[in-house]
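Q: Structure in structure tokens, see below.
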Amino acid sequence: MDNISLPVKFIDEYLPKAEPAYVVVYLYAYRFISRNEVVPDTRQIASALNLKERQVEAAMDYWNRYGFNLGGRNVIKTLHKSIYTPSEIAARAQTDKKLKWLYEEAQNSLGKILSSADIQALFWIYDYLGLNPQVIMLIINYAKKIDKASMRYIEKIAMDWADKGVDTVRKAERYLADLDEKSTYQYHIKKLFGIKDRDFTPSEKAILDEWATSIKPTDELLLSAFDININRTGNLNIKYINGILKSWKEKGITTTGQIPLETKSTGTANFDQRGDIDFDAREIEILKKRMGR
18 MDNISLPVKF IDEYLPKAEP AYVVVYLYAY RFISRNEVVP DTRQIASALN
68 LKERQVEAAM DYWNRYGFNL GGRNVIKTLH KSIYTPSEIA ARAQTDKKLK
118 WLYEEAQNSL GKILSSADIQ ALFWIYDYLG LNPQVIMLII NYAKKIDKAS
168 MRYIEKIAMD WADKGVDTVR KAERYLADLD EKSTYQYHIK KLFGIKDRDF
218 TPSEKAILDE WATSIKPTDE LLLSAFDINI NRTGNLNIKY INGILKSWKE
268 KGITTTGQIP LETKSTGTAN FDQRGDIDFD AREIEILKKR MGR
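Here is the structure:
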């Protein structure tokens, strides 16, 4: 069974002041927000809760006045953060060994004394988003790696991970591995050539390393060589493309406009025989147009 969580302080200080109908509307709307779903309109909420629409509208206005905009999850979560006081956080750190460890590790990783705002933000990620300290440290170290180690960015990543269910070390490491792959040249070539559901072989990886460090072809040249390869063989062949690129490199060809016309006009490819390459319909049309089909 799915659950939603609200800070005890929020319940103690905000809900008692609100009319019962306002509380019901808030909880009902937050049920959708917490699951990243679209909040129903006031008419639908009124119907679901057996209220009048004007009561729902009044409830929305009430919470908006307090800054709790029911139109977005991150808005509410950010505002919930402000209810933690420094003294409450300090007291919690004295009794919670995991939280204390998080503060020490974060301080060492970031190489600075944590400000009160930093401490509050990390506590919010730990207590409200529910991410364990090891996962939070993976976020911090990732943010450092990409030179975006501001607490604002760390919070942004934490909210994203919590929304996506990246809440264990194993899930986080897998997610980070995927991010690393997407930042590599190999991933770029996969995306450029439409390669799906297979990895490059060791010999192909060696060729790609040569492209990245020595030949350095533009995307336009890569796609042109790819087109010629598909035209002539009907299947993706990295070694074949490499031969084309090396030939162009030797001839000083650096733009598609310099490619001899006879090289471009080498017949048509059978797009139903793509071997280990997979295109969507849009990509096929682009390739057909490029080859004059």
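Quick note on the numbering used here: the sequence shown kicks off at 18 and runs consecutively. Yeah, the Cβ is synthetic: ideal placement off N, Cα and C, and Gly gets one too.
Is the beta carbon of Ala-108 sitting closer than 8 Å to the one on Leu-155?
A: No, these two residues do not count as a Cβ contact at 8 Å.
Q: In the DSSP assignment, find the alpha helix (DSSP H) that holds Ala-223 and state where it starts and stops.
A: That run of the alpha helix (DSSP H) goes 219–227.
Q: Using the C-alpha atoms, what's the distance from Leu-68 back to Lys-34?
A: Each residue's Cα considered, the two are about 20 Å apart.
Q: How is Asn-254 classed by DSSP in three states: helix, strand or coil?
A: Looking at Asn-254 - three-state DSSP - the assignment turns out to be coil, as it is neither helix nor strand.
Q: Return the CA-CA distance between Ile-106 and Ile-136, expressed in angstroms with no decimal places.
A: Spanning the two alpha carbons is a distance of roughly 8 Å.
Q: Could you work out which residue in Glu-54, Asp-197 and Lys-233 is closest to Tyr-159 when comparing CA atoms only?
A: If we check each option's Cα against that of Tyr-159, Asp-197 comes out closest.
Q: Is the stretch 140–151 touching the stretch 165–181, taking contact as three or more C-beta pairs under 8 Å?
A: At 8 Å Cβ cutoff, the stretches touch.
Q: Buried or exposed: where does Asn-246 fall if 16 or more other Cβ atoms within 10 Å of its Cβ makes it buried?
A: Flag for Asn-246 reads buried.
Q: Any chance you could list the alpha helix (DSSP H) runs of at least 4 consecutive residues sitting entirely within the stretch 58–141, in chain order?
A: Complete alpha helix (DSSP H) runs here, min 4: 59–66, 70–82, 90–98, 103–112 and 114–127.
Q: Using 8 Å as the cut-off, can you tell me whether the stretch 176–187 makes contact with the stretch 216–229, which would need three or more C-beta pairs spanning the two stretches below that distance?
A: In short, these stretches do not touch, since the Cβ pair count stays below three.
Q: Pull up the distance between the alpha-carbon of Leu-209 and that of Ser-200, whole angstroms please.
A: Straight-line Cα distance between these residues: approximately 13 Å.
Q: Provide the residue span of the alpha helix (DSSP H) that contains Lys-208, from first to last.
A: Taken as a continuous stretch (DSSP letters only), the alpha helix (DSSP H) holding Lys-208 covers 202–210.
Q: With H, G and I counted as helix, E and B as strand and the rest as coil, what does DSSP make of Ser-51?
A: Ser-51 falls in the coil class under three-state DSSP.
Q: If you check the beta carbons only, do Ile-21 and Arg-48 fall under 8 Å apart?
A: A contact, by the Cβ cut-off of 8 Å.
Q: According to DSSP, is Ser-22 part of a helix, a strand, or is it coil?
A: Looking at Ser-22 - three-state DSSP - the assignment turns out to be coil, as it is neither helix nor strand.
Q: Quick check on Asn-149: does DSSP put it in helix, strand or coil?
A: Coil, per DSSP.
Q: To the nearest angstrom, report how far apart Gln-61 and Tyr-39 are at their CA atoms.
A: C-alpha separation (whole angstroms): 15 Å.
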